[in-house]
Amino acid sequence: MRRTGLRYLPLLLLAIAWELLARLELISSSALPPLSHVVVAWVDLMRSGELVSNGYASIYRAMTGLGLSVLVGSLLGIFMAWWRPLNAFLSPLVEIFYPMPKSALIPVTVIWLGFGDGSKILLIFLGCMLPVTIGAFNGARSSEQALVWSARSMGASRLRMLWDVVLPSALPELLNGIRTALALSFILLVSSELIVARSGFGYLIGFLGADGAYEPMFAVVLTVAFLGFAADRAFQAFMNWMLRWRT
Amino acid sequence: MSASAQIVVKDVSHDYRPPVGRVVRALEDVSLSIREREFIALLGPSGCGKSTLLYLIGGFLRIENGRICVDGRAVTAPGPDRGVVFQHFALFPWKTVKGNVLYGLERGKLPRAERETRAQAFIDLVGLTGFEDSYPSQLSGGMKQRTAIARTLAFDPQILLMDEPFGALDAQTRSLMQTELLDIWQKTRKTVIFVTHDVQEAVYLAERVAVMTARPGRIKTIVDTAFDKNDPQIYRARTFVDKVDEIWGLVREEAIKAQGTHAR
Ligand SMILES: Nc1ncnc2c1ncn2[C@@H]1O[C@H](COP(=O)(O)OP(=O)(O)OP(=O)(O)O)[C@@H](O)[C@H]1O
Ligand SMILES: [Mg+2]
């Protein structure tokens, strides 16, 4: 406990610096309101229920999009590694779409699915799928031949072997891909909500900012930053547990 | 001979075609018949194709030249009738010792409780009591090898294909494991193909020893080696010592040839 406390000491120093800079008016309070005011604004936002209802909308979109991308991406990657024709067909598509900035798809998804949840979910799904696919593909390809043989000689069918050997072999790279996707989902979520939405963290940030309500706006920004950090931490803990067989 | 043969290998050659580099001929015109319930050892210099032959019988590699039949049927795929102990163990790293040993039993017909008992019995047999919940990455080489042996023995295949199964063990453990294997072989009447580099081990365990030539591997000779396995003093017997010397000579010739081809 002491250790982790010490580890985040720089964060505390940054918070103090922030408060001092704002209080001494070294930076104008509209550019950077004092941290203490931001905290007060945060409490107000929580009380009014605005942060919770918008947060709920955002988390629902992110989790659904990410969940779909993990499901489809893992299956796609594993089957690509398993069946050459599928790989030959899909890998050029993956290569073209992978480096494309997915935020460019925001208007497209809106045209397709409108202003609601659907367009955000689709965007997050599309943006997050490829890192998962690539992780699953590389991981599945690295599965050792002898392990596949070993499972087959103990009576596992080809399909069974996919579950028993290829998936666990793919797990380290697959989980890394999902971790990247998790970070991406936050980026895509907030940017799409900033541009076109009627609810969510991004909408709230944009709305408050346009209104000149900088203190609550910073409160929302900090909330998103913290949630992103917490999600990554939790996922890392999950990964370590899943991969506990590696020393 | 072939009338009662269970495993028939006929004129089998095998080429490896790596994605880069040149084609390697690992086996050439190998023919071998193995009776049901026979214990045969395979000897030969490193790289002569012993593992390759085992993989072909196991059904892992495609048979492109020649034929292999097991129980009268051509081998086309792996199957639980042929249990394999791999040279490099091939344990599932994400499963514990217990999980690995249970794996082969999961596709059998035994009820769950019996699978557990059986797995535990074989873990005890190979002396890994207390390590049931360890992962392979936490085990020594010899412990991994013993886990692999327990895993294969546990699901009770009628044919055992063992690729240097005692290679990573110390002399004492090896001797204990030899006794256990012979005991299982005699009680459950399995057919065993046993690859080893240890001539004495081969002569002691097997009824016949097949000596292979340097790569591309062929069967150089097959020597009868049926000694009394229940005689603890057999190692000292004149006939035993002579047999070991004879086979040593054959293997040495091939090892020298293998060296020669490397030098070239
Ligand atoms: N996957 C592979 N690709 C290309 N060549 C291979 C491959 N596996 C084996 N070989 C070649 O085939 C030959 C026979 O290999 P194999 O593993 O069967 O030998 P071995 O008799 O089992 O040797 P050892 O006693 O060292 O285990 C070797 O000379 C090796 O060069
Ligand atoms: Mg070998």
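Here the protein sequences line up with chains A and B, keeping their order. Each residue of the first sequence is one higher than the last, beginning at 2 in my numbering. Each residue of the second sequence is one higher than the last, beginning at 2 in my numbering. C-beta: ideal position from N, C-alpha, C; glycine also.
B:Lys244 carries a helical assignment under DSSP once its states are collapsed to helix, strand and coil.
Of the candidates A:Leu223, A:Val167, A:Arg62, the residue whose Cα lies closest to the Cα of A:Leu124 is A:Arg62. One alpha carbon belongs to B:Gln187, the other to B:Thr148, and they sit about 22 Å apart. By the neighbour-count criterion, in which a residue is buried when 16 or more other Cβ atoms sit within 10 angstroms of its Cβ, B:Glu165 is buried.
Bounds of any alpha helix (DSSP H) do not take in A:Leu244, whose DSSP letter is neither H nor E.
For chain B, none of the residues of the region 25-52 of chain A brings a beta carbon within less than 8 Å of one of its beta carbons. Taking non-hydrogen atoms of ligand 2 into account, the C-beta of B:Lys51 is found less than 7 Å away from one of them. At least one C-beta of chain A is nearer than 8 Å to the C-beta of B:Arg83. Using a CB distance cut-off of 8 Å, A:Arg247 counts as an interface residue toward chain B. Per the DSSP secondary-structure output, B:Tyr17 pairs in a beta bridge with B:Val25. Per DSSP, the beta-bridge partners of B:Phe195 are B:Ala42, B:Met163. When the beta-carbon positions are compared, B:Ala42 and B:Ala207 come within less than 8 Å of each other. Taking the CA atoms as reference points, A:Leu14 sits about 17 Å from A:Phe227. A:Lys103 places its beta carbon 8 Å or farther from that of A:Leu87. Proximity of chain B to A:Arg85 at the Cβ level (cut-off 9 Å) is not reached, the minimal Cβ distance being about 13 Å.
Listed in chain order, the non-local C-beta contacts of B:Val127 below 6 Å within the same chain comprise Arg147, Ile150, Ala151, local neighbours out to five positions each way being set aside.
In the displayed model, B:Val85 falls within a strand according to three-state DSSP.
Between B:Gly45 and B:Val252, the gap from beta carbon to beta carbon is short of 8 Å.
A straight line joining the alpha-carbon of A:Val95 with that of B:Val21 spans about 26 Å.
Taking a C-beta distance under 8 Å as the contact criterion, B:Gly67 and B:Ser14 qualify as a contact pair. Separation of A:Asn55 and B:Glu115 (C-alpha to C-alpha, rounded to the nearest whole angstrom) is 54 Å.
Rounded to whole angstroms, the gap between the alpha carbons of B:Val224 and B:Leu92 is 33 Å. Ranked by Cα distance from B:Lys11, the first of B:Arg26, B:Gln173, B:Asp30 is B:Asp30. At a cut-off of 4 residues, the continuous stretches assigned as alpha helix (DSSP H) that sit fully inside the region 73-140 of chain B are 98-107, 113-126. Taking a contact as a CB-CB distance under 8 Å, the pair B:Gly218 and B:Leu28 counts as one, their CB atoms being some 5 Å apart. Following the DSSP letters along the chain, one finds B:Cys70 inside the beta strand (DSSP E) bounded by residues 66-71.
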